[in-house]
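Asker: Anchor point for the sequence shown: position 324 equals 832 in the numbering used here, and the numbering is continuous, going up by one each time. Cβ atoms here follow ideal geometry from the backbone N, Cα and C, with glycine treated the same way. Treat the numbers as computed from the prediction; the structure is a model and nothing was measured.
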Amino acid sequence: MNSSGRDTGSGVAEVCVRRHSILFVFSLLALAALACGPLRLPSLPRLATPTPAPTVTPVIMVVTATPDPLAVAAGADLAEERVIRVYEQASPAVVNITSRVVVRSFFFGAYPEEGSGSGFVWDAQGHIVTNYHVVENADSLAVNFGDDNAVRATVVGTDPHNDLAVILVDTLPAGVEPLVVGDSSTLRVGQTAIAIGNPFGQFERTLTTGVVSALNRTIETDSQVLRGAIQTDASINRGNSGGPLLDSLGRLIGVNSAIFSPSGTSAGVGFAIPANTVKKVVPVLIERGRFPHPWLGAIGYDITPRLAQQLSLPVEQGLLVAQLYEGSPALQAGVQGARREVIVGNRRMFAGGDIITAIDEQPLRAWKDLDAYLEAKTEVGQGITLHLLREGQAQTITIELAEEPPHLS
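1. Kindly give me the distance between the Cβ atoms of ILE867 and ILE892, rounded to whole angstroms, as I take these residues to be in contact under 8 Å.
2. Answer yes or no: do TYR640 and THR666 have a C-beta to C-beta separation smaller than 8 Å?
3. In the DSSP assignment, find the alpha helix (DSSP H) that holds THR723 and state where it starts and stops.
4. Identify every run of the alpha helix (DSSP H) within the segment 735-819, keeping only runs that are complete inside it and at least 4 residues long; order them along the chain.
5. Which value, in whole angstroms, describes the spacing of the CA atoms of ALA780 and GLU644?
6. Please go through the same chain and pick out, in chain order, the residues whose beta-carbon is closer than 6 Å to the beta-carbon of LEU715, but skip the five residues on each side of it.
7. Please state whether DSSP places THR694 in a helix, a strand or coil.
8. Can you give me the start and stop residues for the alpha helix (DSSP H) that ASP877 sits inside?
9. Who are the Cβ neighbours of GLY900 in its own chain at under 8 Å, not counting the five residues just before and after it?
10. CB-CB under 6 Å to LEU680, same chain, minus the five flanking residues each way: which ones, in chain order?
11. Let's test the definition: count the other Cβ atoms within 10 Å of the Cβ of LEU882 and tell me whether it reaches 16, buried, or not, exposed.
12. Given this structure, state the Cα-to-Cα distance separating SER692 from SER626, to the nearest angstrom.
13. Measure the CB-CB distance between LEU723 and LEU760 and report whether it falls below 8 Å.
14. Are GLY778 and ILE767 closer than 8 Å when you measure CB to CB?
15. Going by the beta-carbon positions, is the gap between GLN831 and GLY845 smaller than 8 Å?
16. Tell me the rounded alpha-carbon separation between GLY474 and PRO791.
17. Is the Cβ of GLN817 closer than 8 Å to any Cβ of chain C?
18. Looking at the strands, I want to know which residues DSSP matches up with PHE858.
19. Is GLU588 helix, strand or coil when you go by DSSP?
20. Give, in chain order, every unbroken run of the alpha helix (DSSP H) that is at least 4 residues long and sits entirely within the segment 631-709.
21. So, for ILE568: in the same chain, excluding its five sequence neighbours on each side, which residues have a beta-carbon less than 7 Å away from its beta-carbon?
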């Protein structure tokens, strides 16, 4: 059981090495395989490429891109010319971000380590969007616009939940225009997908092409869950983190964030945060510095037929409440946590708490379903109705959601 309310039970671990940091995660695409016994899936690294050195009312401007008729260059077909045009228009807004962290060691003292990722210009004020994991714990940031002149940047806001961050530079180079932001809700599998970024922190403004391979993927790590992710086969490697995923008109459809790979390099399975999530989060980060996430404050276990049999539960699916955070909305509304500690196999568990079966009439099978509902359908201060079983008796409780405390983000 972890702090997000999920009992993962997997051997998935976060491995932090300073060169080519790899975050071992797993995709819910592979959960069915767990029925055959535990296994360690190939790593799905975050894409920032650390390289050692000595080391409120958000305002969204909607821009509609209306491309001029394309003049096809000699030797190029219309599809190629469209990609060429996208690159020429969008690439000046794509930047390389270098983060520096001062590491302190008992044996070696303090020394700096560097990491590299990508980002893109959001507005004319110098705001740049990237991934949270690109700037996480950075002591300093430098942004390169492709002219070998790095400029200092500061962090404006971060949202670890959605792996998004906004940084700010004082001025933009002449002629650099923000990217046009598209509507990811209209995406269809098979559409063209164009990625621009800085793979391995060395090959700035590299373009790769592919298609939208799938939509609404859920990608889980030990530390977070990315929901609604866009899957693409456009080649994405470490260092592409935070770079844009574009459609054939050059509109932003996603922010590249993760890859699924046995080797740590592109295997044709990349994931991007959808543009509509970016449009919702980024203006709030610019204004407030953090994005408020609705919070219930209960954690526990996913009920499965096996767990139901072991604990003699009245249902075979739902959420078994184990613990409640002090002062949480769930605790204040009267949700009850575990009353006893039991040993199931070689595992210590907390039993006897309420069983959550639905939220606002929406059935729940796992804690991730509750998390997804809260993120997609609710906001801080909104009232929700939980449907519970307590000692076999059905109950409903109305709860006003609070903002998740920063230390739990």
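Answerer: The structure says:
1. Indeed they touch by this definition, with Cβ atoms about 6 Å apart.
2. A contact, by the Cβ cut-off of 8 Å.
3. Inspection of the sequence shows that residue 723 is occupied by Leu rather than by Thr. Note, LEU723: premise wrong, no alpha helix (DSSP H); beta strand (DSSP E) at 714-728.
4. 783-796 and 813-819
5. 18 Å
6. In its chain, beyond the 5 residues on either side, TYR595 and ILE704 have a beta carbon closer than 6 Å to the beta carbon of LEU715.
7. helix
8. Taken as a continuous stretch (DSSP letters only), the alpha helix (DSSP H) holding ASP877 covers 875-885.
9. Excluding positions up to five away in sequence, the list reads PRO822.
10. Around LEU680: GLY634.
11. buried
12. Roughly 20 Å between the two C-alpha positions.
13. no
14. The answer is yes: Cβ separation under 8 Å.
15. The answer is yes: Cβ separation under 8 Å.
16. The structure shown does not extend to residue 474, since the chain is modelled only from 509 through 917, so no value can be given for it.
17. The structure shown has no chain C; it contains just one protein chain.
18. GLU849
19. helix
20. 640-643
21. Low local confidence applies: a pLDDT of 39 at ILE568 is under 50, so the model's placement there is unreliable, and no value is given.
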